[in-house]
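Numbering (my numbering), first residue to last: 21 to 168. Glycine included, every Cβ here is placed at the ideal spot set by N, Cα and C. Here the structure is a predicted model, which is why all the values come from computation and not from measurement. A quick write-up on the structure given underneath.
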């Protein structure tokens, strides 16, 4: 079934795109949630016009996120924290602390975009992923050092 998406749907498409999905997914999720509209021959021409506007918007977003990705790749964040004698942190580092450190460097991301495979509980270098989009996921280097 062809659906015109009204909102971004992860692993399906962005708002304004025309996508082909299974009938069950459309009838049970997209249509009842008002996330998409079924494409019919009568409204397909209108949606194709909207699709051109979406393509321009996607290009603008792509250029902004790619420049942001380059900036993130070039950054190395150094955080000073209290440590135990064995080099472990008092508590774990969370995504909000990373977001705050990035904000100090002039990079604005949300804590939902920070992907941490495991909790950071020790000093040293750590690598995180910042999920800007489904295709752009730059890595960020974070170094934990002692406050002393």
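Item	Value
Straight-line gap, residue 61 to residue 141 (C-alpha atoms, nearest Å)	57 Å
Own chain residues within Cβ distance below 7 Å of residue 43, not counting five before or after	21
Check whether residue 152 and residue 85 have beta carbons under 8 Å apart	yes
According to DSSP, residues forming a beta bridge with residue 70	Residue 70 is not bridged to any residue.
Chain B contact for residue 29 (CB, 8 Å cutoff)	As a matter of chain content, chain B is missing from the structure shown, which is built from one protein chain.
Residues sharing a beta bridge with residue 38, DSSP	24
Cβ-Cβ distance between residue 127 and residue 93 below 8 Å	no
Secondary structure, alpha helix (DSSP H): runs of 4+ residues fully inside the region 75 to 135	115 to 124
Option nearest residue 97 by Cα separation, candidates 155, 104 and 123	123
Sufficient close CB pairs (3 or more, under 8 Å) joining the region 23 to 31 to the region 46 to 54	yes
Where the beta strand (DSSP E) through residue 46 begins and ends	Premise fails: residue 46 is in no beta strand (DSSP E) and is neither H nor E.
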